[in-house]
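J.:
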Amino acid sequence: MSLFFTKIAEDGYIKFDGQLFGKTTLEIASNIGAVINIPGVSAVQELLPTKKETLETSSYSGNYGTGEFPFHSDMAHWYRPPRYLLLCCKVPAISVETRIIKSQPIFEDEEQYDLRRALFRPRRRLNGRLSPLRLFEGDFYRWDSLFIQPINKLASSLRDRVLDRLTVTQYEAVVLGRKNECVLIDNWKMFHSRSGVPSNGMNRKLERVYLSEVNE
Numbered sequence: 057m058s059l060f061f062t063k064i065a066e067d068g069y070i071k072f073d074g075q076l077f078g079k080t081t082l083e084i085a086s087n088i089g090a091v092i093n094i095p096g097v098s099a100v101q102e103l104l105p106t107k108k109e110t111l112e113t114s115s116y117s118g119n120y121g122t123g124e125f126p127f128h129s130d131m132a133h134w135y136r137p138p139r140y141l142l143l144c145c146k147v148p149a150i151s152v153e154t155r156i157i158k159s160q161p162i163f164e165d166e167e168q169y170d171l172r173r174a175l176f177r178p179r180r181r182l183n184g185r186l187s188p189l190r191l192f193e194g195d196f197y198r199w200d201s202l203f204i205q206p207i208n209k210l211a212s213s214l215r216d217r218v219l220d221r222l223t224v225t226q227y228e229a230v231v232l233g234r235k236n237e238c239v240l241i242d243n244w245k246m247f248h249s250r251s252g253v254p255s256n257g258m259n260r261k262l263e264r265v266y267l268s269e270v271n272e
């Protein structure tokens with residue numbers, strides 16, 4: 057088992073020099089694992105700071121602009137979200153950080169029976185459906201205070217407790233300060249957020265790729 061795989065398995069994320077694995081973000085992602093191809097979505101997605109007035113509210117930037125993003129897991133509204141997400145720096149901004157926390161401790165005081173009965177749904181229909189979702193599905197956690205909403209009272213109270221815990225949980229701060237510096241995050245075990253973007257960080261550009269597995 058590689059040290060790379062061991063690190064992501066134990067810590068839930070790893071920061072690394074992408075140039076060790078390839079020249080482009082897609083090449084880096086393909087050399088560390090299996091890239092997910094989402095119909096209608098580019099395999100490599102460009103992430104740029106944007107003022108929310110210029111975007112629709114179907115994205116985090118459209119809701120929060122250059123302000124701080126709340127903790128979440130990517131594609132939490134999917135029935136089964138992508139396992140890993142790779143963020144690769146193309147234009148660095150040392151004034152902006154990615155914040156990462158482990159998801160399991162947020163739920164460790166919850167009764168498993170209540171977690172099963174607390175139901176959420178996507179804010180909007182996905183493929184014409186509004187399927188019920190749970191924050192813990194046995195092998196992964198999900199969280200998104202914006203794009204999934206509670207259905208019942210158990211879910212509403214659970215949502216409030218999670219929000220309270222997230223405000224006091226200590227996070228790891230990752231700054232991608234060089235071109236092709238990357239962070240790989242286990243989307244099933246970790247929640248992540250972005251700090252606010254000051255004026256000197258507006259040129260920041262990341263590229264994101266989703267992966268279903270990491271090579272051992």
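Residue 170 in this note's numbering sits at position 114 of the sequence shown, with consecutive numbering throughout.
Virtual Cβ for every residue (Gly too), placed ideally from N, Cα, C.
(1) For my contact list, Y69 and M246 are in at a C-beta cut-off of 8 Å; report their separation, rounded to the angstrom.
(2) Do V231 and I150 have their C-beta atoms within less than 7 Å of each other?
(3) For the alpha helix (DSSP H) holding S249, just list the boundary residues, first then last.
(4) Roughly how many angstroms lie between the CA atoms of L262 and L191, to the nearest whole one?
(5) My output table needs one value for T154: the three-state DSSP class, helix, strand or coil.
(6) Between the segment 241-255 and the segment 112-131, do three or more beta carbon pairs fall short of 8 Å?
(7) Does the count of Cβ pairs from the segment 218-233 and the segment 169-177 closer than 8 Å reach three?
(8) State yes or no: is the C-beta of Y140 within less than 7 Å of the C-beta of L267?
(9) For I64, collect the residues of the same chain with a Cβ closer than 7 Å to its Cβ; drop the 5 residues on either side in sequence, then sort them by chain order.
(10) Using only CA atoms, which one of Q101, F127, S213 lies nearest to E167?
(11) Shortest alpha-carbon distance to K158 belongs to which of D67, R264, H133, N87?
(12) Could you work out which residue in D195, W199, G194, I204 is closest to L186 when comparing CA atoms only?
(13) Tell me where the beta strand (DSSP E) around S268 begins and ends.
(14) In chain order, what residues of the same chain lie with their CB nearer than 7 Å to the CB of E153, ignoring the 5 residues before and after it?
T.: With the given structure in hand:
(1) Separation of the CB atoms of Y69 and M246 is rounded to 6 Å, and the pair is thereby assigned contact status at 8 Å.
(2) A contact, by the Cβ cut-off of 7 Å.
(3) First-last for S249: 246-250, but that is the beta strand (DSSP E), not the alpha helix (DSSP H).
(4) Taking the straight line joining both Cα atoms gives about 28 Å.
(5) Strand, per DSSP.
(6) Enough Cβ pairs lie closer than 8 Å, so yes.
(7) No, the segment 218-233 is not in contact with the segment 169-177.
(8) Going by C-beta atoms, Y140 is nearer than 7 Å to L267.
(9) Spatial neighbours of I64 in its own chain (CB-CB distance under 7 Å, excluding positions within 5 residues in sequence) are listed in chain order as I70, L240, D242, V270.
(10) The residue among Q101, F127, S213 with its C-alpha nearest the C-alpha of E167 is S213.
(11) Measuring from the Cα of K158, the nearest candidate turns out to be D67.
(12) Ranking D195, W199, G194, I204 by Cα distance to L186 puts I204 first.
(13) Its beta strand (DSSP E) spans residues 261-270.
(14) Cβ neighbours of E153 beyond the five flanking positions: A229, V230, V231, S251.
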